[in-house]
Each structure stands twice: as structure tokens, then as C-alpha cells.
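A short write-up of the structure that comes next.
There are 2 protein chains.
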Amino acid sequence: MYSRRDFLSRVSLGAGLLSLPSLAFAQHTEKKLGIALVGLGYYSEHLLAPALQQTSRCVLAGIVTGTPAKKDKWKAQFAIPDKNCYTYETFDQIADNKDIDIVYVVLPNAMHHEFVIRAAKAGKHVICEKPMSVSVKEAEEMIAACKKANVKFSIGYRMHFEPHTIEVMRIAKAKEMGAVKFVENAMGFKIGDPTQWRLKKSLAGGGAMMDVGIYCIQGARYGTGEEPISVTAQEFKTDPVKFKEVDETIFWQLEFPSGAVSSSVTSYASHSERLFVSAEQGWIELRPAFGYGPIKGKTNKGEMNFPHTNHQALQLDDFALCVQENRESSVSGEEGLKDMKIIEAIYKAVATGKKVKLS
Amino acid sequence: MYSRRDFLSRVSLGAGLLSLPSLAFAQHTEKKLGIALVGLGYYSEHLLAPALQQTSRCVLAGIVTGTPAKKDKWKAQFAIPDKNCYTYETFDQIADNKDIDIVYVVLPNAMHHEFVIRAAKAGKHVICEKPMSVSVKEAEEMIAACKKANVKFSIGYRMHFEPHTIEVMRIAKAKEMGAVKFVENAMGFKIGDPTQWRLKKSLAGGGAMMDVGIYCIQGARYGTGEEPISVTAQEFKTDPVKFKEVDETIFWQLEFPSGAVSSSVTSYASHSERLFVSAEQGWIELRPAFGYGPIKGKTNKGEMNFPHTNHQALQLDDFALCVQENRESSVSGEEGLKDMKIIEAIYKAVATGKKVKLS
Numbered sequence: 142m143y144s145r146r147d148f149l150s151r152v153s154l155g156a157g158l159l160s161l162p163s164l165a166f167a168q169h170t171e172k173k174l175g176i177a178l179v180g181l182g183y184y185s186e187h188l189l190a191p192a193l194q195q196t197s198r199c200v201l202a203g204i205v206t207g208t209p210a211k212k213d214k215w216k217a218q219f220a221i222p223d224k225n226c227y228t229y230e231t232f233d234q235i236a237d238n239k240d241i242d243i244v245y246v247v248l249p250n251a252m253h254h255e256f257v258i259r260a261a262k263a264g265k266h267v268i269c270e271k272p273m274s275v276s277v278k279e280a281e282e283m284i285a286a287c288k289k290a291n292v293k294f295s296i297g298y299r300m301h302f303e304p305h306t307i308e309v310m311r312i313a314k315a316k317e318m319g320a321v322k323f324v325e326n327a328m329g330f331k332i333g334d335p336t337q338w339r340l341k342k343s344l345a346g347g348g349a350m351m352d353v354g355i356y357c358i359q360g361a362r363y364g365t366g367e368e369p370i371s372v373t374a375q376e377f378k379t380d381p382v383k384f385k386e387v388d389e390t391i392f393w394q395l396e397f398p399s400g401a402v403s404s405s406v407t408s409y410a411s412h413s414e415r416l417f418v419s420a421e422q423g424w425i426e427l428r429p430a431f432g433y434g435p436i437k438g439k440t441n442k443g444e445m446n447f448p449h450t451n452h453q454a455l456q457l458d459d460f461a462l463c464v465q466e467n468r469e470s471s472v473s474g475e476e477g478l479k480d481m482k483i484i485e486a487i488y489k490a491v492a493t494g495k496k497v498k499l500s
Numbered sequence: 142m143y144s145r146r147d148f149l150s151r152v153s154l155g156a157g158l159l160s161l162p163s164l165a166f167a168q169h170t171e172k173k174l175g176i177a178l179v180g181l182g183y184y185s186e187h188l189l190a191p192a193l194q195q196t197s198r199c200v201l202a203g204i205v206t207g208t209p210a211k212k213d214k215w216k217a218q219f220a221i222p223d224k225n226c227y228t229y230e231t232f233d234q235i236a237d238n239k240d241i242d243i244v245y246v247v248l249p250n251a252m253h254h255e256f257v258i259r260a261a262k263a264g265k266h267v268i269c270e271k272p273m274s275v276s277v278k279e280a281e282e283m284i285a286a287c288k289k290a291n292v293k294f295s296i297g298y299r300m301h302f303e304p305h306t307i308e309v310m311r312i313a314k315a316k317e318m319g320a321v322k323f324v325e326n327a328m329g330f331k332i333g334d335p336t337q338w339r340l341k342k343s344l345a346g347g348g349a350m351m352d353v354g355i356y357c358i359q360g361a362r363y364g365t366g367e368e369p370i371s372v373t374a375q376e377f378k379t380d381p382v383k384f385k386e387v388d389e390t391i392f393w394q395l396e397f398p399s400g401a402v403s404s405s406v407t408s409y410a411s412h413s414e415r416l417f418v419s420a421e422q423g424w425i426e427l428r429p430a431f432g433y434g435p436i437k438g439k440t441n442k443g444e445m446n447f448p449h450t451n452h453q454a455l456q457l458d459d460f461a462l463c464v465q466e467n468r469e470s471s472v473s474g475e476e477g478l479k480d481m482k483i484i485e486a487i488y489k490a491v492a493t494g495k496k497v498k499l500s
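Line order of the protein sequences matches chains Z and E. Taking this note's numbering, the leading residue of the first sequence gets 142, the next gets one more, and so forth. Taking this note's numbering, the leading residue of the second sequence gets 142, the next gets one more, and so forth.
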């Protein structure tokens, strides 16, 4: 039912919107935008740095780290000049560095707020990893800071640039399978090292919900093509020692204006990863749905078979194009704020045992 | 990881327990047991009658129907003597019919109670389709009636005889993948004819929950290998006209003593069919999970690849063996009663919006 050619012909029609063809058709006459990564943990090292090598509009131009050994390693590996290396203390001097156009904040969740605002004040465009913050209040302040500084702001929602996911969004919006009746989705894994920052509330803000549950919130939103109006939620813990500070497993249910509903699972206890959209006249299933790929998809009519893409490279090039064309990202701070409002409502629904309305 | 040979060698070890080898190794020296089907709707015509042709211990010996045209058709097709054909009014005379050993009640849910009790009073062993009744009280009365009449009683839980499902049960019980952390499952379909009995509360007792949600209750129970201790639930309707009397879509969540939890979806609005068991060291996924087959299964280690079986034939032969060996079925009335208690708790949780404890 789907072929690579179908996919490419479809996305080339929507090139401006999705920027998916950027890898294939990028204009190499424009100056590449310099990216500085703030925080050189696993995601920066193993995902973003390799992805940057595959972008056509971006170049890894700077790093911000508190670890001298990491600085030396990255400098050597990526030929980054010493003047483009910062610590968290010297970070604000990045304002004077013309090599850096975009700052990508890849720190623990609770540090996003501070560093996004400092980046904006330094006059740099900003990408912030998900979840964008640990509260709605922080998210609103980050958006305001970027607006005030007149810089573009985007959240690291790489799935928005993944072909199977884009097809799910398209089918839902077009009601191509009739009205969506419900979405089931889940994202969970068995978390390792009990000393990591993800298990500390002061750094992570929350547990599985903040870290990977957010994929399911996104999946329910783009799987229905709507914004939720209410939420119920339940929290469970099988290991109250390991998960003393943050949530281990949360189930939640969303209601949407059309009557569509979603049922989601997130967990640090064990594996699950799937998006299932059930509509009047058909269904779509992505499994795996949210990992770094390849994403696999099928519908009631057969396999989807879109090509594997580097999600992060597409995301980075899309944001670079937004900066170059002076327009907002489709995964803007406002998009991140929507999820933060839902996350706060989920935690409130857990705490009260009651349905929480979303405004 | 799994092969047909592995499977056969495993079940042959547990032959007495599962009776799965009955098709292969049945003792044809014993008299086949005569089955009378009560209610000649779709399930009797398209599933049970063909399955009976594949059993080694059973024979379709009688019918009970209120429709003369059906009687004529079945009589001719299956060479059933006139004396073995009953109406709902003459049904009790079955007590005097030595051709009939087992009565299989395949009527609308609300009629199960009456006809199971009448069958028991007629001294016949009884199989009752799921859900066994429309209330806990009815279920208890049905069990008591069968005990009093000293007849065997079983519920039509065919999945208990399906190889992939048996493997799920085994892995959960043996904790072969470590502790089960959560189960996700779903069973839903878009219901057709708006005039059918399934949409009338007086005949069905409830909607999707009663009809197919029960597969998810079973799946959560055998997927964890435990009995639930509490439930939360949410009901949703996108078509309040079609679903004026019964539930369209229900989500529910169960807690189990070990801390394992389950999240389930049932719906008459659109398709979903899957069982997913997530454990510390692995996962199992059946999709499709509850249909007439072939069931497909995989684990984190690969495809399961058990042979397709006729679920109903295995179920029928197992019950016949229970009767012949004078022992209780593994899918007894008590097994059905457990699900009825959970269904009542789910409806109560929907009505109150609160967590309901299960005793």
C-alpha cells in the first residue's frame, strides 16, 4: 500500500511545511548554522553529535560542559576551537561568539529553564530537549524569555520529523480512516543505574512520566489530531526504594473534544513501546513507535514501509531552516507547553484520584 | 526459540492438565459424549458445529432452538434425529434423553442463568458461553445449581486451550521472565447491526465490557498469573444513540498483589486486539490475541510459532475428558465467577469514579 516513492512524492509536495527533503535538496549555498550543545551526556554524544554530521544546514560549532575531560575529547574529535568551549559558569559569554547561532540544551530536565533563558538572553536561538521544563510556570517563562529576546525556540520532538509518525498525523487530521475512536500507546523501559539523575526529583522533576510518558502524550495528541479536554490517571510502584523520589509506572486516560479517547502507559519498570490508533474504518500501529529507529508501522491494509531516517538530523535541519526563514518551528515552545500542562494535570489526577479538566 | 516439536513435547508432559494432546492421542475406545447446542446463532453455526466435527470425544447429538427453519436445516445437515430436537419450551424433557450428555448454552447473556440451571436440573453437564451471566448473584446461583445436581460445569473460555495463550500462562506462573510488571491488552471491534441483541441491556446485560472486555480481564489474570485486588475504570461514548443501553468503550486498570498492574481497553466502536505482558527481563505479545485464530505471538527473543489449533474443538474435548474422568474443568464456573466479580467492580468503578477493592 505504501512505497518509498509514494512517501518521497508526498513529502516533496509539502517540503516547506515539513522540511523532510532537506537532506536531499538542501541549498548548500547558505551558511551552515553553528550549534552549541549544552551538556555532553549520552544523548549528545551518541545521538546529536552523529546526527549533526548528517545535517545539511547545521554544524557542531561549540560545546558547554562542566567536565574538562569531555571538553578535551570533543575538541579533538570535532575540531572545535578552544574559544567555542564553555563551562556552565562562562556560558553567558557565548553572546559574543558569532560561530554559534543555535544553543541546544541537553541537560537534566530541571536545568532546562535556567539554560534556555540564559541562551535567549545571549541572543541565541534555542532548542531544548523534552520535557521542556519541570513545570508549566517554567515553560511559560522560557517561552516569554525567547520572545523577549526575539530568538526562535524549539523542543527536541524528533518524532515530528519521522516519516511513519508524519503519516499517522496526516491520516488523523484528514480523517482518512474515519473518526479516530481511541488511541492506545505506551513507552516504558527498565531503568538501569539507580544513582542516575533521572531518579532524582530535584534534577528530573519526575520519573517515567516526564522522561518517556511525554511520547505517549504526544502520540495521543497527534494520533487523534486533537487537544485533550480531561485526564484521569493512576500511579503504581513495585520498587518504592529505587523510585523513592519519582514515578515508576503511570497509566492515564485522555478525553478529546470529538469523543475520541486515549489510554497510555509509561514505566521505568519494564519494556513497552507502541502507538495504536483505532478509527472507524481502520487502524494504524507503530511498533516500535518512539525509539531512535527504525520505526515500524502497519495499518489494517498492510505494512507502511517508509524509509528509516535520522530523526535528529531532520529535526536539526528543520529548526535551522526555521531560523533562516525567520518562522516558528512546528515543535515550538508552545507545543512543549501543551505537554507540560497535560503532565501537570496527570500528576494532579494521580494525587487526587479525580478527573482533571484541561483548559 | 520455539518449535512445534518443543510445544508438543511440553504439552505431552502436561497431558492430564491441559488435555491438548486429546486430538492426537484420544482413546477412541470410549463412547463419544453427546452435545446439545442451545441457541443456533452465529457462534453455534459457524464455530461450534464445525469444531464438533473436529473433536475426538464429542458428537453433535442435539439442538435446542425456537426457530423451526433452523431445526430443519440442522437436522438435515448433521443427521440429528427429531427426538433430539427441542424448543425452549420442551427443553426440560432433555432429562430423559440418553443421547445427550452435555448441554452447551449459546444464548444471549441474560438467558445463560435460566438455561444453565434448567440443564443442571435435567441432570446434564453444562458448558456456558462467556460471560457466564449478567451478575455475580446469577453466577453464584448457576454454580450452586450444578453442584446440587452433581453435574460438571464449564465456561466457554476457549483461549485456555490455545497454545500461545497456554505459553503466556506458563511464563507468568513460572516467572520465567522475572516478575511481571504490567499487562496491556485490548479487545474491540466495530459492531454492526444496530438492532442486534448485544446492544439491548435486557439481553446482553452490558456492552463491549460483557462481550469482549472479558477477554482482557482473562488476559490480565493469566498474563500476571494473579488475581486482582482493585480496579479503576472509565467509560466513554461517541455514539449515545447506538449505545443508549450498553457501554461502547471502557478503559480499566487492575492492581495485583505482587504490585503488577494492567491497563485494558474494550470497545464496540473500532478495532483493537492484543495482549502484551511486560516483565523485568522480557515481554510477550499476542496479536491477534483473542480471536478464533491463528493467534500470533512473539517475545523479546523472537516469534513463538505455535501451531494453529481449533480452540473450540480443544475446549470441547477437554470438557468431555473432565466428564469422563469425573474432575473439574480448569475453566469451571468458579473461574467464570471470578470474572463476573471483576466486571461488576468495573461497572461500579465507572459509576462512582472511584477505585473499587476486590475481595
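Cβ atoms here follow ideal geometry from the backbone N, Cα and C, with glycine treated the same way.
Where the alpha helix (DSSP H) containing residue i begins and where it ends
i	result
Z:Q465	452–466
Z:Q218	209–219
E:G502	Here chain E comprises residues numbered 142 to 500, so residue 502 of chain E is not present and cannot be evaluated.
E:E281	277–290
Z:L193	190–193
Reduced DSSP secondary structure (H/G/I, E/B, other) of residue i
i	result
Z:K498	strand
Z:A345	helix
Z:H266	strand
E:F384	coil
Z:G438	strand
Z:Y227	strand
E:G354	helix
E:E469	coil
E:G333	coil
E:G360	helix
Z:E444	strand
Z:E426	strand
Z:A167	At Z:A167 the pLDDT is 46, less than 50, meaning the model places this residue with poor confidence; the figure from the coordinates comes in the next sentence. Coil, per DSSP.
Z:H449	coil
E:F232	helix
Cut-off 6 Å between Cβ atoms - residues of its own chain near residue i, not counting five sequence neighbours on either side
i	result
E:A430	E414, R415, L416
E:K331	S411
E:H305	L427, I436, G438, M445, F447
E:Y488	none
E:V275	N250, A251, G346
Z:T373	Q394, A490, K496
E:F397	T365, E367, P369
E:P272	N250, M351, I355
E:G434	H449
Residues of its chain near residue i, where Cβ-Cβ distance is below 7 Å and the 5 sequence neighbours each way are ignored
i	result
E:V247	L178, V179, G180, G182, Y184, S185, L189, E270
Distance CB(residue i)-CB(residue j) smaller than 8 Å
i	j	result
E:E476	E:I296	yes
E:F323	E:S403	yes
Z:Y298	Z:V472	yes
E:K265	E:I235	yes
Z:I391	Z:E368	no
Z:N451	Z:Q195	yes
E:A401	E:T365	yes
E:V257	E:M283	yes
E:F232	E:D459	no
E:A280	E:A261	no
Z:G443	Z:M318	no
E:Q465	E:E171	yes
E:P335	E:K293	no
Range of the contiguous beta strand (DSSP E) that encloses residue i
i	result
E:E476	It is not in any beta strand (DSSP E) - E:E476 instead sits in the alpha helix (DSSP H) that spans 474–493.
Z:V247	Run containing Z:V247: none; DSSP gives neither H nor E here.
Z:A177	174–179
Cutoff 8 Å: residue i Cβ touching any chain A Cβ
i	result
E:H412	Among the chains of the structure shown, chain A does not appear; the protein chains present are Z and E.
Contacts around residue i, its chain only, beta-carbon distance under 8 Å, and the 5 residues preceding and following it disregarded
i	result
E:G329	A349, V353, T390, V406, T407, S408, Y409, A410, S411, H412, S413, E414
Z:I241	G175, I176, A177, A202, G203, N225, I235, K265
E:G432	E414
Write down every uninterrupted run of the beta strand (DSSP E) in the segment 365–423 of chain E whose length is 3 residues or greater and which is fully enclosed by it, in chain order. 371–377, 390–396, 402–408, 413–420
Write down every uninterrupted run of the alpha helix (DSSP H) in the segment 287–331 of chain E whose length is 4 residues or greater and which is fully enclosed by it, in chain order. 304–315
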